[in-house]
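Engineer: Numbering (the working numbering), first residue to last: 119 to 243. Ideal placement from N, C-alpha and C gives every residue a C-beta, glycine not left out.
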Amino acid sequence: MKPPEILIPAYDDGTGVTAKFNLNILRRLNREIGATFVPSTFRHEARWNADESRVEMHLRSEVNQSVSIGDTHIHFEVGETIHTENSRKYTEEGLHELAKASGWKIDAFYTDSQAWFAVIVFSPL
């Protein structure tokens, strides 16, 4: 599995592509259901959660603010986040366990020399 210092920049790239993608959630909520988010008052944040073995995507409020979604009003304090996405990371052992619990088995497991990427062939138990 990739170390966090490699993972985080993959989800918080220097060109801001991932940030634009994540902030687009707020634009869509505004456009599609009439929410009142001001996207420029939120900042994209990627976090490594070691306990859950996942990269979490958040939108962090940069100001105290209130947002409406229909009749619902939500207040955000500075630093409060909206958890928007999880990208789970698995070890080979963890994938074997997940496959078995789901009624599958791993027939082949191919990885690069650093074990950062894998191609896995599954078949039913």
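1) Tell me which same chain residues have a C-beta within less than 7 angstroms of the C-beta of residue 175, skipping the five on either side of it?
2) Counting only runs of 3+ residues fully inside the region 124–188, write out the beta strand (DSSP E) ranges in chain order.
3) Hey, out of 178, 231, 195, 208, whose CA is closest to residue 125's CA?
4) By how many angstroms is the C-alpha of residue 152 removed from the C-alpha of residue 170?
5) If you draw a straight line from the C-alpha of residue 133 to the C-alpha of residue 127, how long is it?
6) Where does residue 120 sit, in a helix, a strand or coil, going by DSSP?
7) Rounded C-beta distance between residue 154 and residue 185? I'm assuming under 8 angstroms.
8) Terminal residues of the continuous beta strand (DSSP E) containing residue 207?
9) Tell me the rounded alpha-carbon separation between residue 199 and residue 234.
10) How close, in whole Å, do the beta carbons of residue 221 and residue 243 come, if the pair is a contact with beta carbons under 8 angstroms?
11) Going by DSSP, name the residue or residues bridged to residue 191.
12) How would you label residue 177, buried or exposed, when you count the other beta carbons within 10 angstroms and need 16 or more for buried?
Structural biologist: Taking the geometry as given:
1) For the purposes of this step, residue 175 is identified with residue 57 of the sequence shown, where counting begins at 1. Taken in chain order, the residues that qualify are 129, 140, 164, 202, 203.
2) With a minimum length of 3 residues, the continuous beta strand (DSSP E) runs that stay inside the region 124–188 are 160–167, 172–179, 183–187.
3) As a working mapping, residue 125 is identified with position 7 in the sequence shown. The shortest Cα separation from residue 125 among 178, 231, 195, 208 belongs to 208.
4) As a position in the sequence shown, residue 170 is number 52, starting the count at 1. As a position in the sequence shown, residue 152 is number 34, starting the count at 1. Each residue's alpha carbon lies about 34 angstroms from the other.
5) Walking along the sequence shown from the start, residue 133 turns up at place 15. Walking along the sequence shown from the start, residue 127 turns up at place 9. Near 10 angstroms, if we compare the C-alpha coordinates of residue 127 and residue 133.
6) What you label residue 120 is simply residue 2 of the sequence shown in a count that begins at 1. Residue 120: coil per DSSP, three-state reduction.
7) Against the sequence shown, residue 154 aligns to sequence position 36. Against the sequence shown, residue 185 aligns to sequence position 67. That pair is a contact at about 5 angstroms.
8) Taking the sequence shown and counting its residues from 1, one reaches residue 207 at position 89. Counting along the chain, residue 207 falls outside any beta strand (DSSP E), and DSSP gives it neither H nor E.
9) Looking up residue 199 in the sequence shown gives position 81. Looking up residue 234 in the sequence shown gives position 116. Looking at the two C-alpha atoms, the distance is approximately 29 angstroms.
10) The residue given as residue 221 occupies position 103 in the sequence shown. The residue given as residue 243 occupies position 125 in the sequence shown. Yes, residue 221 and residue 243 are in contact; Cβ-Cβ is about 5 angstroms, under 8 angstroms.
11) By 1-based counting over the sequence shown, the position of residue 191 is 73. Within the DSSP bridge table, the entry for residue 191 names 186 as partners.
12) Position 59 of the sequence shown, counting from 1, holds the residue named residue 177. Around the C-beta of residue 177, 16 or more other C-beta atoms lie within 10 Å, and the residue is accordingly described as buried.
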